[in-house]
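Residue numbers (my numbering), protein chains in the order written: chain U, 27 to 452; chain S, 27 to 452; chain X, 27 to 452; chain Y, 27 to 452. Please read the structure below before turning to the comments.
4 protein chains.
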Amino acid sequence: MIINNDHIQDSNRNKLEEHSESFDFLANKLSKKGHNISNIVSKLSEFQVAIPSWALGAGGTRFGRFSFYGEPSNLEQKIEDVGILHSLTQTAGAVSLHIPWDIPSDYKAIKEKADALHIKFDAVNSNTFQDQTDAKESYKYGSLSNISSAVREQAIQHNLDVINIGNKLGSKCLTVWLADGSCFPGQNNFQTAFQNTQDSLKDIYKGLPNDWSMLIEYKPYEPNFYSTVIQDWGASLMLANGCGDKAYTLVDLGHHLPNSNIEQIVAILQLKGKLGGFHFNDSKYGDDDLTVGSIKPYALFLIFNELVYGMQNNPQNPDLAWMIDASHNVKDPLEDLIQSLEAIQEAYAKALLIDQEALKAAQANNDVVKCQEILQGAYRTDVRPLLEKARLNTGGAISPIDSYRRLDVRGQLIKERGKNTIATGL
Amino acid sequence: MIINNDHIQDSNRNKLEEHSESFDFLANKLSKKGHNISNIVSKLSEFQVAIPSWALGAGGTRFGRFSFYGEPSNLEQKIEDVGILHSLTQTAGAVSLHIPWDIPSDYKAIKEKADALHIKFDAVNSNTFQDQTDAKESYKYGSLSNISSAVREQAIQHNLDVINIGNKLGSKCLTVWLADGSCFPGQNNFQTAFQNTQDSLKDIYKGLPNDWSMLIEYKPYEPNFYSTVIQDWGASLMLANGCGDKAYTLVDLGHHLPNSNIEQIVAILQLKGKLGGFHFNDSKYGDDDLTVGSIKPYALFLIFNELVYGMQNNPQNPDLAWMIDASHNVKDPLEDLIQSLEAIQEAYAKALLIDQEALKAAQANNDVVKCQEILQGAYRTDVRPLLEKARLNTGGAISPIDSYRRLDVRGQLIKERGKNTIATGL
Amino acid sequence: MIINNDHIQDSNRNKLEEHSESFDFLANKLSKKGHNISNIVSKLSEFQVAIPSWALGAGGTRFGRFSFYGEPSNLEQKIEDVGILHSLTQTAGAVSLHIPWDIPSDYKAIKEKADALHIKFDAVNSNTFQDQTDAKESYKYGSLSNISSAVREQAIQHNLDVINIGNKLGSKCLTVWLADGSCFPGQNNFQTAFQNTQDSLKDIYKGLPNDWSMLIEYKPYEPNFYSTVIQDWGASLMLANGCGDKAYTLVDLGHHLPNSNIEQIVAILQLKGKLGGFHFNDSKYGDDDLTVGSIKPYALFLIFNELVYGMQNNPQNPDLAWMIDASHNVKDPLEDLIQSLEAIQEAYAKALLIDQEALKAAQANNDVVKCQEILQGAYRTDVRPLLEKARLNTGGAISPIDSYRRLDVRGQLIKERGKNTIATGL
Amino acid sequence: MIINNDHIQDSNRNKLEEHSESFDFLANKLSKKGHNISNIVSKLSEFQVAIPSWALGAGGTRFGRFSFYGEPSNLEQKIEDVGILHSLTQTAGAVSLHIPWDIPSDYKAIKEKADALHIKFDAVNSNTFQDQTDAKESYKYGSLSNISSAVREQAIQHNLDVINIGNKLGSKCLTVWLADGSCFPGQNNFQTAFQNTQDSLKDIYKGLPNDWSMLIEYKPYEPNFYSTVIQDWGASLMLANGCGDKAYTLVDLGHHLPNSNIEQIVAILQLKGKLGGFHFNDSKYGDDDLTVGSIKPYALFLIFNELVYGMQNNPQNPDLAWMIDASHNVKDPLEDLIQSLEAIQEAYAKALLIDQEALKAAQANNDVVKCQEILQGAYRTDVRPLLEKARLNTGGAISPIDSYRRLDVRGQLIKERGKNTIATGL
């Protein structure tokens, strides 16, 4: 199913007036306070977040999975789904493939399909946390960190293969997430496992094209429950530094111990020029992979405050690879992703409203009350009209969720695909 | 220092126009969607939160305390400070006394002072977590739970004395927070400590006037670091049930283990008619006692969603005793409290905007996406104009913080009181 | 495969001498201090823990599952596996069935098989967290708490069926664990969900035979990630009280928020006569379902201290249903269970060595140092000889792990069952 | 009060026989398994842990402090207290001073006193988290990270002064713990605060004598409750690397987020040659500063497993500065420290019993069950006879707690010092 511009314009019609009134009122009010509204709206339009190919079907837990109708059953359909999201939101102009779940059979056809939908190929993701049916070696006890060199070599070669696949599609970035670790004290030697991981990453790094970057993800636990080799940003950064200038740390919001101050991690990595990518989701307990902004929207805003600051003040840090990394156990995956995209744009817009000069001045005076007023002043602003405007300007829907439902997208997909398709992935 | 109406009107002048525009635009928009704005504004005006007498001076940690100039040095001055807060915000019309820090020397004078400032005496708080200089028995190893009956009796008598003091002032409620517990495994017998606590509370309950209620607070840890006798709502409720109909559970936002779902606790207690009081603050790590809404404003909104639901649907539950229970280590205590009051009103206003009928319908259909849209729709609304209106209607400041600074309240207090006064309390 | 007594005696032979020396030395030493060793050894022999039928195959996470060879592929083989465990350890004399994974096709044959292996049928477990292929209604949005009465009725009927099945096998206990809850704020109404759960449980309770008990399990999160209807012991106890005298709370060690003081919960539940069952496992982060005692053995000891105290002092509390509830992702499930059984016995033995009279006296004096010395004195004792003796006395192996390996049990099972069997379960 | 050898020998007398029997039995058993007992006992004797000067009086919380009789009221008395500990345990042969609480008035006299008691001067600690009465600048909003260069310079100079004081006493190490951070979002700029801290540390580093090292401590929160500048090992290591070869990370057991895997941090820091020091304590909730080993003794053992591994395999890492950093709210501080020293020795002894070769072999085979058996085998051994032997060999007490009580040390101290002395410190 492809959503064309006419459909969207139709679905916008009954919301235009209210949008205009709200936007005008807000723009006027903010302009008076010195904000450059068209600049903010442009930035919102330009901000594009990749959709991971595995997030288009129903997710699940170890206790089971409840199916969802009309799931995409192949890569083409996944890209179609991203196309739908992008048409509606105009902020999902990229897909992030997961290998081996999404190896194209016909590269040219896939690229043409993506081009037609204005979808780029962002970071490619390797998978060494599951065994493939034809695999020689098992990752049960680790991949890049494995005590066995044969396993490590298989995992290294897989990552090189992933680079090769990504290269054919125009991707410029490899994301490495390792499940490696241990479930019990003593199961592995921390130093050996870390050293093996460093050596394996270096071997992959050697195969990285010059214009690529390598993003190293960290996570404290799950699926290993005693230790994880790359447990936190400190370990990730150490490994990235060990590889070279094109290796960076990737932050996934859900991959932290309880109460972590993630915005501070983000700030320090940018200061050092080593923040390479960002995975969005939300959580209350662990790596819950919930809709972005559904649990802790203020924390997301504070993180965007740091990201905006870094984008403006840290030329030493590269452009970031943005991706949603959520799982959809009880919602229509496309609706869930629309809500996530909206929450990201909201946090970004509010962060753009922070008066950085006033904040700096208040900090210089240790006027803590004023600092809080400035942040909360931006956060309390209802920025939805700005988001609507940014979408309207680029052909998207005023309310993507409403349009999605009005156009009965899921109904169409079920008609096309049936009820029992299953998307590859978790 | 007393802030009179003229001062406030003066300080409002330059904000009136912007307020009117914003309020009219918002009221119009919300009215179209079916909201009764004057009703909401009235509810905001009526919502009053008690200020604890110990929160008007600088707080501290075990690592030290940095002083603040112009602190109130006696009960009269504390009530003056609450009067200032109430004049500006019109939502702080009560004070919650802590005994023995705030025993009036002249009850009549104190009552008159409070009356003049429109301040009521809300819950009175006992203190059995510190030793008083003239005390016979020490609370080092517990108070109501102590293995020694002499200590327990002293603690019971203290609570009865507190009731007596409160009674003279018009208070109708006793709040019992126990630090009792243990720092090391084996230090006390859990069953004995619990049973002693139950028996002691029953003795206090016997002394409770008929029109009073007793609120039992819980907390998982600090100042005891292995166990606390009343560790969670389950323990508090068990003890309240053991006392009788006038005993209730009190929820303090900071008194929970990491990741607790507090809103669910609030809901279930209201369902059972056993939520008696509420202490507001915010935290990232433990019982941090930070400004309300400064860290997790969405969680506060979700809690207010339950409170509003309970106020509308649970006649079995009494009116609640609302209090701020924060500590002020780096901010002017009065400014900090103004920010807390604002955050409480904001969360309340947003909760009042939730379309309960639509939510119920979406829940009936398991339309999870819609449920989230409804909650976020309310939350994303910028309700500041409603808060301003509620304050204006009752003679308060459009922006209490701005007025506080414009009127140089702290400067006046320092002039009156000097720099080296120290408020009794923590 | 069945392990007979001769096999075990053979495997014990080379360990007998060392065991005797160690046991004699320890028994002599402890006897001098006033311990009744034969009494302790008897208690250890009598302590039997149920093995859940779903724990005999490889476990997994949402990221995948690595298979294990020789898994039992039907109920008969599962009971055989429990028989092997019991032969070696003499402390696994019961099995806990999970319905619908383990519905017997021939009740008589199953009972005879179990009898022959000295295995009893302990608590039966219902499953309303997954959809069965032929189910009319889906549990995607809850079971006993579901907004739809049709779903609730299906779930109630399932529990009644489970009781019926258990009854035919001699079980006397139903364990209800609900995954019910929500993934997002607003998804369900806390009060309605709780009330529905209470009503449903009452309906099940009505079908409970007079000599049965119903155990209500609680868990803060997973597989739902915003709220769980029965989130903690307070909620479970409230529901149990709402049902009646035969309903109890069941504590699973892994089902708590970070830093919970579980031993205190255990103590208070026993004081109230409402602790009905116990699920053993261990964890570092969440409900990790690791081998008992592998992460926090001292916490397990402290819990056993309370359990022993309760068994001796709380006649109001019933005998408990003990079960291991762990998952085996990287170990041979049978070896993992042997290690769990050993850790349970170790904690129990050490708890039995606590001098309760001396502890009581030290507590009466607030001699915190002494209290700690008493607990640590018991804990630091190497009780392995007592465990060996208890097993020897009842025909078990001195070292079950060594015997298991020496007898090549897994090799035999693979020969019998093949490599690709898969046990029903998670 | 000074405990001489005769006192200790006397107090040992009635325990000698039991000790000998137990030691002989254990030594014989372990020797048969290949352990070199005299080597292990020697290592235990050589292991010395510094006592911080501030830990000899009663601790407290922000809710209050309960006094303890006979506290040392000056530096001489503090060193006497360490002397008492060392006489009894023979493992507390060092003191760690905190400036400005413990500035000697007569360096020569203090050194002679310490020499006479066989006490060395270990790391010196600076204090920039409290304001001193005569200070020009306040640390309320930070010290080395402060936005004001005047404050930073005062804090730098203080650290240089501390080095100077330490140098006169023979110390070779400066420990820097910063409370710097923020209580509210926006209060400071993360990047600026970090950069200021780095620059300040470099200035201190320049003043470090060549044979000194600088230890940089980290902590996630408290006394700041939103962010801490040096929040984790990653930040500490980055700062240490920025300073130079003599700068190292210091790990304090209580300074971690919930569920942190500390042993892995320890291992990786040793691999990189950057673990400089270690502060022992225990905790259940936060930085509880409880007696070492009183809550999670198995975690302590796992940490010692890594420390022992590092001492044997990481020549790139320096010798560590060991210190107890606990607070004593409900115990006699000296008894508390004795229990801590015992727990440290116990964990060390058990770690020395791990069969590293067997463990390595099991890890190579991914024999997870065997790895666990090896660790638990060591941990379950009752090593108390080895600790007793190590103390006996060097003139210490078989049971330091028993001797302390038998000799009525506290009674003597109260006689000498009175009841109302207060030790400087927290």
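Ideal placement from N, C-alpha and C gives every residue a C-beta, glycine not left out.
**Study point:** Asn236 of chain S to Ile129 of chain S span [Cα, whole Å]
**Key:** 23 Å
Using only alpha-carbon positions, find the residue among S:Ala81, S:Gly299, S:Gly83 and S:Phe330 that is nearest to Ala373 of chain S. S:Phe330
* Asked: Applying a beta-carbon distance threshold of less than 8 Å, which residues of chain Y neighbour Glu361 of chain X?
  -> Val395
- prompt: Taking the alpha carbon of Pro211 of chain Y as the point to measure from, which residue in S:Lys386, S:Phe327 and S:Pro323 has its own alpha carbon closest?
  reply: S:Pro323
Closest to Arg443 of chain S by CA distance: which of S:Lys104, S:Met264 and S:Ala384 is it?
S:Lys104
CB contact flag (Ala390 of chain X, Cys397 of chain X, <8 Å):
no
For this session: Using a Cβ cut-off of 9 Å, pull out every chain U residue sitting near Lys322 of chain S, in sequence order please.
Result: Lys322, Tyr324 and Ala325
Chain-ordered residues of the stretch 296-317 of chain X with a beta carbon less than 9 Å from chain U
Ser309, Lys310, Tyr311, Gly312, Asp314, Asp315, Leu316 and Thr317
Item to complete: Taking Asn250 of chain S as the reference, give the member of S:Lys137, S:Glu368 and S:Asn214 with the closest Cα.
Response: S:Asn214
Would Phe51 of chain Y count as contacting chain X if we go by Cβ distances under 8 Å?
yes
* Under 8 Å by beta carbon: chain X residues contacting Lys415 of chain Y -> Neighbours of Lys415 of chain Y on chain X: none; closest Cβ ~16 Å, over 8 Å.
Is DSSP giving Met27 of chain U helix, strand or coil here?
coil
Exercise for the section: Find out if the Cβ-Cβ distance for the pair Leu200 of chain S, Ser152 of chain S is shorter than 8 Å. Expected result: yes
Strictly under 8 Å for the Cβ-Cβ distance: is Asn343 of chain X near chain S by that measure?
no
DSSP has Trp348 of chain S in a bridge; who is on the other side? S:Phe304
task: Determine the chain S residues that contact Glu248 of chain X at a beta-carbon separation under 9 Å, and present them in chain order.
output: Neighbours of Glu248 of chain X on chain S: none; closest Cβ ~12 Å, over 9 Å.
Contact with chain X by Pro284 of chain U, beta-carbon distance below 8 Å: yes
Quiz item: Using the beta-carbon of each residue, which ones in chain U are nearer than 7 Å to Trp14 of chain Y?
Solution: Absent from the model: residue 14 of chain Y. The displayed extent of chain Y is 27 to 452, so no value can be given.
In the DSSP assignment, the beta strand (DSSP E) including Glu76 of chain Y goes from what residue to what residue?
The amino acid occupying residue 76 of chain Y in the given sequence is Ala; Glu does not appear at that position. Here the beta strand (DSSP E) through Ala76 of chain Y covers Ala76 to Pro78.
- Item | Given Leu101 of chain X as reference, the closest of X:Ala140, X:Val334, X:Phe89 and X:Asn287 once Cα atoms are compared | X:Ala140
Coil, strand or helix - Lys441 of chain S by DSSP: helix
Q) In three-state terms, what does DSSP make of Thr447 of chain Y? A) coil
Item checked: Unbroken beta strand (DSSP E) run spanning Cys199 of chain S, endpoints -> Cys199 to Val202
Along the stretch 434-445 of chain Y, where does the CB come closer than 8 Å to a CB of chain S? Name the residues.
none
Local conformation of Lys146 of chain U per DSSP, three classes: strand
Problem - CB contact check: Asn287 of chain U to chain Y, cutoff 8 Å - result: yes
Does the beta-carbon distance from Gly312 of chain X to Glu248 of chain X come in below 8 Å?
-> yes
Leaving out the 5 sequence neighbours to the left and right, which residues in its chain are closer than 7 Å to Gln438 of chain S when beta-carbon positions are compared?
Met27
Which stretch, first to last residue, makes up the beta strand (DSSP E) that contains Glu243 of chain S? Ser239 to Glu243
Using a 10 Å radius around the Cβ and a threshold of 16 neighbouring Cβ atoms, would you call Asn355 of chain Y buried or exposed? buried
Using 8 Å as the threshold, is the C-beta distance between Leu531 of chain Y and Ala81 of chain Y below it? Residue 531 of chain Y cannot be examined here, being either before or after the span of chain Y that is shown, 27 to 452.
Separation of Leu412 of chain S from Ile145 of chain S, as counted between CA atoms: 24 Å
**Tyr133 of chain U versus Tyr252 of chain U: straight-line alpha-carbon distance, rounded** = 41 Å
Test item: CB-CB of Asp206 of chain S and Ser171 of chain S under 8 Å:
yes
Strictly by DSSP, which residues pair up with Thr407 of chain X?
Beta-bridge pairing links Thr407 of chain X to no other residue.
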